[in-house]
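Heads up: the structure comes next, in structure tokens.
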Amino acid sequence: MSRISTCASFLMALGLLGAVPAKAQDVGDAVPTFSLTGLDGKTYASANYEGSVLALYYLGHN
Numbered sequence: 125m126s127r128i129s130t131c132a133s134f135l136m137a138l139g140l141l142g143a144v145p146a147k148a149q150d151v152g153d154a155v156p157t158f159s160l161t162g163l164d165g166k167t168y169a170s171a172n173y174e175g176s177v178l179a180l181y182y183l184g185h186n
């Protein structure tokens with residue numbers, strides 16, 4: 125292998141070692157702190173709904 129290929133392979137391997145898989149929330153887990161901007165322009169924060177049942181609907185669009 126050439127020196128450039130070796131360096132590129134090493135850098136890619138380092139990038140893969142640093143990747144951390146996402147952990148899904150389990151039912152009953154505490155919600156992490158977040159804030160989202162709604163379609164109406166208002167900001168909604170998880171702290172505003174503490175102690176309440178909260179259902180989130182994400183509308184995906186391109």
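Heads up, my numbering is the position in the sequence shown plus 124, with the first residue counted as 1.
Note that beta-carbon positions come from the ideal geometry of N, C-alpha and C, so glycine has one too.
Is the CB-CB distance between residue i and residue j below 8 Å?
i	j	result
Ser-170	Phe-158	yes
Excluding the 5 residues preceding and the 5 following residue i in the sequence, name in chain order all residues of the same chain whose CB lies nearer than 6 Å to its CB.
i	result
Val-155	Ser-170
By Cβ distance below 8 Å, which residues in the same chain neighbour residue i in space, the five residues on each side in sequence not counted?
i	result
Tyr-168	Ser-159, Leu-160, Thr-161 and Gly-162
Gly-139	none
Leu-178	Val-155 and Ser-170
Asp-150	none
On the DSSP bridge list, what partners appear for residue i?
i	result
Tyr-168	Leu-160
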